[in-house]
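Novice: Quick note: the sequence shown, position 169, residue 169 per this note's numbering, numbers continuous.
C-beta: ideal position from N, C-alpha, C; glycine also.
Encoded as structure tokens, here's the structure I'll be asking about.
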Amino acid sequence: MRRDFRRLRRAAAAAGGAAAAAALAAEAGALATRLPRPPQHIAGYVAAGGEIDVLPLLVALGAATGAGLCLPVVTAPDTALDFRVWQPDAPLVAGAFGILMPEEAAGHCVPDLLLMPLVAVDPAGRRLGQGGGFYDRTLAAADAAGRMPLTIGVCFAIQLADEVPAGPLDRPLDLILTERGLLVPVR
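Written out as structure tokens, the structure reads:
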């Protein structure tokens, strides 16, 4: 399933990635009004492997809500993600797996809203990730600390699957955003 949806994702990015990123950013104001609580810090991600580019959305959503921005950092295998403060004009450096991240001096951040990448997602909000478990560990740690963030899966509409396999520790997404609009998972 991952292989097939990664292929679809790469094709969607090649065919209309810039337009999709612009469509997401255009939804920031409407999305901000639909949030159950105003965020203090929003985490996005730097797109890799055909993922939809959320940086324009992250910047627009930060402006619409007044929230600070941050990006994830992989500090070690089999750990939760760390997050560093990010400004749109700040340099990014290559980190683990070659993924771009803020420099170490950027400072630590604890997001209360996560824009999450995914390979596939189903109508119930079950997310199929890359397979490394970083977001799963991050959400488990946040939940254990009593700081569970709002989770928004961001993807191309082509990444919507009929059903995604989920284990007992998988947490469904709160919302799903595609270039075609916002979806509320059916529970």
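What does the alpha-carbon distance come out to for the pair L114 and R7?
Specialist: 24 Å
Novice: Give the straight-line distance between the Cα atoms of G68 and T151, rounded to the nearest whole angstrom.
Specialist: G68 and T151 have their C-alpha atoms some 16 Å from each other.
Novice: Can you grab the Cα-Cα spacing for the pair A15 / R180, in whole Å?
Specialist: 15 Å
Novice: Got a sec? Which residues, its chain only, sit under 8 Å from L35 by beta carbon, not counting five neighbours each side?
Specialist: Here the set comprises T65, L113 and L150.
Novice: Between which two residues does the alpha helix (DSSP H) carrying P187 extend?
Specialist: Looking at the sequence provided, one finds Arg at residue 187 rather than Pro. From DSSP, R187 is part of no alpha helix (DSSP H); its letter is neither H nor E.
Novice: At least one CB of chain C closer than 7 Å to the CB of W86: is that the case?
Specialist: Going by chain labels, chain C is absent from the structure shown, which holds only one protein chain.
Novice: Which two residues bound the contiguous alpha helix (DSSP H) that contains R7?
Specialist: R2 to A26
Novice: Does the stretch 131-141 come close enough to the stretch 153-162 that 3 or more CB-CB pairs lie under 8 Å?
Specialist: no
Novice: Around the C-beta of L182, are 16 or more other C-beta atoms found within 10 angstroms, so that it is buried, or is it exposed?
Specialist: exposed
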